[in-house]
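S.K.: Below you will find the structure I want to go over with you.
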Ligand code: ZN
Ligand code: ZN
Ligand code: FE
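Numbering (the working numbering), first residue to last: 381 to 1148.
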């Protein structure tokens, strides 16, 4: 008995090889009908035996192309028609439609086999790709997504490539960046001034360039290599001299370098890899995965000083794969940029800006239109945790309905922005810190690009409450309704959104810096909140942040501030002099007189103070260094904690709790003076944070009846805190919600802003 069904598939089903997949599946089952693309996704009209139709549906659900994501499948039975074959129909052009754009994807296994097979026409070709892999977001200039609108436009396909491109049964059917040696981009080698290095061999071919690069790398040279979505600085990670030289030239003394390793077996030689980490390392996104080092770890300390982890990724382009074909095992692959400036992605600019860092350039002529940094993830409690959401993830939509036309500008550090359209939220890739003109220009260019590719016009601009944020100033330039959102409310909202919560929760936001409604710098906050509103029910007791930015870059200042707060001026004098020298006593005076001081409840700053006391870290050279090294210092199990107090006051009939660490600091100083093991002190400080948080949550829950606890903020990148705090809360019967695909750090803030704005519009429709 024949039957006809009409199937509507929605989700990420365009530009990901979905139609050829449907075509091949339908024809293999001898089903008749057609498939097309339209504004709602993909429509499939199918006719055939009931059993074959069932097989079709099963495969549709279970074996769809790797880049696709099916949100919903609707099936409707229809009257039989006289179809004679199965075809791919022209796409319907519908106004107001939205094109979902795939992130850039790591090379697939089939393409890897192609480039390693001497009998394949793509043997050794560094720009091999197919429908399931290769560049996407980074090469798209505008929509609709076809070759003419990408940076591949300048490479007309040769006859054979075109045959692949037009054949629905071919793996390269409609693969827009399809190319081969004869028609596609190529690589070349240049010296540090950008002068092309000619090979001795008759043709300056791909093979010779790779061989020469490998031998220069082996000799300890530093390279700038143009990759899929930007440049990397690269050298042999096992070569101590090369790594130290790179640190020197990049003026980056401590911040860990990421490495790329030849294959998964190499990774296992140096690091512990659990199942989840293995999936992330070898999956289609290939982010940098932070792994714990194992006993076989032998790389020079300069690769990642004072850490017990290492950021590792596997080769994700044919070019990377080819580089590892000749004995090299571990390469430093760090973003190629000059101190704080955006990632380099254009040949000329890279040569201009990196010529004092790189000895050689490995360049190519497939232009990158939009640069995207490598993503960074780590696994905590068996779950993927994004730290930086960029290549391989952005601009994949977050499927969540919100009012159309909201543009959320994000915070200043680790900026991302988010916008809403057609029941999707699009979050930008990591834009870096908006501290300099170059990064700000890059940010504005990205916003414009998102407006183009998603045909988006903002109706409401949402920005952080901080009056001095670049994004706040940017918002002021436009004559569009605006909404300001408190930083930690946004943090909690981002985690609620990710966990599909829409109710009142207890939010714990532990963070570095966020502007509070009282003008203080918040960051150790307990909020009762939903998308509409928040109430600050608890926070760390205020300490003085003296000298602004300097207190962040010089953690000993926070240590002095906390010692002053704990012991008072008279008693802290000797201690401070003893620990930090005579000049520090001057600084103590400034605090005492409250000169250039602002109050802060930041958990990040508290951990900085503890790190400075325990480890003697006085200056840091990258953000979060002190607290990262403090977590790293915990090498022994210890369940003890220091004493602390929870103060309670009444403000306008509302109870406000303050966690007071004065006793903690006093006991820590005593431990320090008596020569207690650093690992024990570090663990006790962390346990104090956990114990006091659990204690306060219990009190808040008792008076409010709320059982759901949401954890967000940059401090929760700390594995020890996140895992032990959530476990402790769960043991007491709380439901604990944490981040996974959205960063807990400021990278997630724009998503939270969006849900808060959505709720605001729903409650105040007149704002627009
Ligand atoms: Zn492929
Ligand atoms: Zn070709
Ligand atoms: Fe934050």
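Note that the Cβ used here is the ideal one computed from N, Cα and C, for glycine as well.
Helix, strand or coil for residue 1201, going by three-state DSSP, please let me know.
M.R.: In the structure as shown, the chain begins at 381 and stops at 1148. Residue 1201 is therefore absent and cannot be evaluated.
S.K.: For the structure I just gave you, are there three or more beta carbon pairs, one from the region 897–905 and one from the region 914–928, closer than 8 Å?
M.R.: The region 897–905 vs the region 914–928: in contact.
S.K.: Around ligand 2, what residues have a beta-carbon under 5 Å from a heavy atom of it, in chain order?
M.R.: For ligand 2, the selected residues are 538, 541, 560, 562 and 563.
S.K.: Heavy atom of ligand 3 less than 7 Å from the Cβ of residue 1123, yes or no?
M.R.: Within the chain shown, the letter at position 743 stands for residue 1123. Because no heavy atom of ligand 3 lies under 7 Å away, the Cβ of residue 1123 does not count as near it: no.
S.K.: If residue 1026 and residue 1076 are in contact, beta carbons under 8 Å, what's the gap, nearest whole angstrom?
M.R.: What you label residue 1026 is simply residue 646 of the chain shown in a count that begins at 1. What you label residue 1076 is simply residue 696 of the chain shown in a count that begins at 1. Contact holds; Cβ gap of about 6 Å.
S.K.: Does the distance between the C-beta of residue 904 and the nearest non-hydrogen atom of ligand 3 fall short of 7 Å?
M.R.: Locating residue 904 in the chain shown gives position 524, where the first residue counts as 1. No, ligand 3 has no heavy atom inside 7 Å of this Cβ.
S.K.: Hey, could you find the ends of the alpha helix (DSSP H) residue 875 is sitting in?
M.R.: On the chain shown, position 495 is the one that residue 875 refers to. Residue 875 -> alpha helix (DSSP H) spans 867–878.
S.K.: Using the Cα positions of residue 873 and residue 620, report the straight-line distance between them to the nearest angstrom.
M.R.: In the chain shown, counting from the first residue as 1, residue 873 sits at position 493. In the chain shown, counting from the first residue as 1, residue 620 sits at position 240. When rounded, the distance between both Cα atoms is 45 Å.
S.K.: Could you check if residue 459 is buried or exposed, using at least 16 other CB atoms within 10 Å of its CB as the buried criterion?
M.R.: The residue given as residue 459 occupies position 79 in the chain shown. By the neighbour-count rule (16 or more Cβ atoms within 10 Å), residue 459 is not buried but exposed.
S.K.: Provide the residue span of the beta strand (DSSP E) that contains residue 740, from first to last.
M.R.: Here residue 740 refers to the residue found at position 360 of the chain shown. Its beta strand (DSSP E) spans residues 740–744.
S.K.: Using the three-state DSSP reduction, which class does residue 379 fall into: helix, strand or coil?
M.R.: Only positions 381 to 1148 of the chain appear in this structure, which leaves residue 379 out of reach.
S.K.: Evaluate residue 1073 with the Cβ neighbour count: other Cβ atoms within 10 Å of its Cβ, from every protein chain shown; 16 or more gives buried, anything less gives exposed.
M.R.: Taking the first residue of the chain shown as position 1, residue 1073 is located at position 693. It counts as buried.
S.K.: Pick from 557, 1018 and 894: whose alpha carbon is nearest that of residue 538?
M.R.: Sequence index remark: in the chain shown, residue 538 carries index 158 (1-based). The shortest C-alpha separation from residue 538 is found at 557.
S.K.: Alpha carbons only, please: which of 811, 816 and 998 is nearest the one belonging to residue 830?
M.R.: Sequence index remark: in the chain shown, residue 830 carries index 450 (1-based). The option with the nearest alpha carbon to residue 830 is 811.
S.K.: Residue range of the alpha helix (DSSP H) that residue 805 falls in?
M.R.: Taking the chain shown and counting its residues from 1, one reaches residue 805 at position 425. Run containing residue 805: none in the alpha helix (DSSP H); it sits in the beta strand (DSSP E), 804–807.
S.K.: Roughly how many angstroms separate the alpha carbons of residue 1034 and residue 917, rounded to a whole number?
M.R.: Residue numbering aside, residue 1034 sits at position 654 when the chain shown is read from its first letter. Residue numbering aside, residue 917 sits at position 537 when the chain shown is read from its first letter. Near 8 Å, if we compare the C-alpha coordinates of residue 917 and residue 1034.
S.K.: When DSSP builds the beta bridges, which residues end up paired with residue 604?
M.R.: The sequence position of residue 604 within the chain shown is 224, counting from 1. Note: residue 604 sits in a beta bridge opposite 613 and 741.
S.K.: Comparing the CB of residue 844 with every heavy atom of ligand 3, is any distance shorter than 7 Å?
M.R.: Working through the chain shown from its first residue, we reach residue 844 at position 464. Result no, Cβ not under 7 Å from ligand 3.
S.K.: Does ligand 1 have a heavy atom nearer than 7 Å to the CB of residue 807?
M.R.: The residue given as residue 807 occupies position 427 in the chain shown. Incorrect: residue 807 has no Cβ contact closer than 7 Å to ligand 1.
S.K.: Output yes or no for whether 8 Å exceeds the beta carbon distance between residue 627 and residue 636.
M.R.: Stepping through the chain shown from its first residue, residue 627 is reached at position 247. Stepping through the chain shown from its first residue, residue 636 is reached at position 256. Cβ distance not < 8 Å, so residue 627 and residue 636 don't count as in contact.
S.K.: How would you label residue 431, buried or exposed, when you count the other beta carbons within 10 angstroms and need 16 or more for buried?
M.R.: Walking along the chain shown from the start, residue 431 turns up at place 51. Residue 431 should be labelled exposed.
S.K.: For the structure I just gave you, are there three or more beta carbon pairs, one from the region 712–721 and one from the region 483–496, closer than 8 Å?
M.R.: No, they do not touch.
S.K.: Given residue 1007, which residues of its chain have a CB within under 8 Å of its CB, disregarding the five upstream and five downstream residues?
M.R.: Stepping through the chain shown from its first residue, residue 1007 is reached at position 627. 984, 987, 988, 991, 1095 and 1098, listed in sequence order.
S.K.: What did DSSP end up calling residue 700 once you bin it into helix, strand or coil?
M.R.: As a position in the chain shown, residue 700 is number 320, starting the count at 1. Helix.
S.K.: Might you give, ordered along the chain, the residues of its own chain that have their beta carbon closer than 8 Å to the beta carbon of residue 583, omitting 5 neighbours on each side?
M.R.: As a working mapping, residue 583 is identified with position 203 in the chain shown. Per-residue confidence for residue 583 stands at a pLDDT of 49, beneath the threshold of 50, marking its modelled position as unreliable; the derived number appears in the next sentence. No residues qualify anywhere along the chain.
S.K.: Measuring only from the beta carbon, is residue 1129 closer than 7 Å to any heavy atom that is part of ligand 3?
M.R.: In the chain shown, the residue the question calls residue 1129 occupies position 749. Under cutoff, so the answer is yes.
S.K.: Could you spell out the range, first to last residue, of the alpha helix (DSSP H) harbouring residue 1099?
M.R.: Stepping through the chain shown from its first residue, residue 1099 is reached at position 719. From DSSP, the alpha helix (DSSP H) with residue 1099 extends over 1099–1111.
S.K.: Let's test the definition: count the other Cβ atoms within 10 Å of the Cβ of residue 576 and tell me whether it reaches 16, buried, or not, exposed.
M.R.: For the purposes of this step, residue 576 is taken as residue 196 along the chain shown, with counting starting at 1. With fewer than 16 Cβ atoms within 10 Å of its Cβ, residue 576 is classed as exposed.
S.K.: Which residue wins for smallest C-alpha separation from residue 604, given the options 1059, 573, 876 and 774?
M.R.: Here the question's residue 604 lines up with position 224 in the chain shown. Of 1059, 573, 876 and 774, the residue nearest in Cα terms is 573.
S.K.: Along the alpha helix (DSSP H) that carries residue 826, what are the first and last residues, could you check?
M.R.: By one-based count along the chain shown, residue 826 stands at place 446. Residue 826 -> alpha helix (DSSP H) spans 817–833.
S.K.: Opposite residue 641 in the DSSP bridges: which residues?
M.R.: In the chain shown, residue 641 corresponds to position 261, counting from 1. Partner(s): 710.
S.K.: Here's the rule: buried if 16 or more other CB atoms are within 10 angstroms of the residue's CB, otherwise exposed. What is residue 859?
M.R.: Counted from its first residue, the chain shown places residue 859 at position 479. Exposed: under 16 other Cβ atoms inside 10 Å.
S.K.: Starting from residue 553, trace the beta strand (DSSP E) both ways and give me its first and last residue.
M.R.: As a first step, residue 553 is located in the chain shown; it is residue number 173 there, counting from the start. That residue, residue 553, is in no beta strand (DSSP E); it is neither H nor E in DSSP.
S.K.: Compare the C-alpha of residue 1137 against each of 798, 697 and 996 and name the closest.
M.R.: Sequence index remark: in the chain shown, residue 1137 carries index 757 (1-based). Minimum Cα distance to residue 1137 is reached at 798.
S.K.: Identify every run of the beta strand (DSSP E) within the region 950–1025, keeping only runs that are complete inside it and at least 3 residues long; order them along the chain.
M.R.: Listed in chain order, they are 977–980.
S.K.: How is the alpha helix (DSSP H) around residue 768 delimited, first residue to last?
M.R.: For the purposes of this step, residue 768 is taken as residue 388 along the chain shown, with counting starting at 1. Where residue 768 is concerned, there is no enclosing alpha helix (DSSP H), although the beta strand (DSSP E) it sits in stretches over 763–768.
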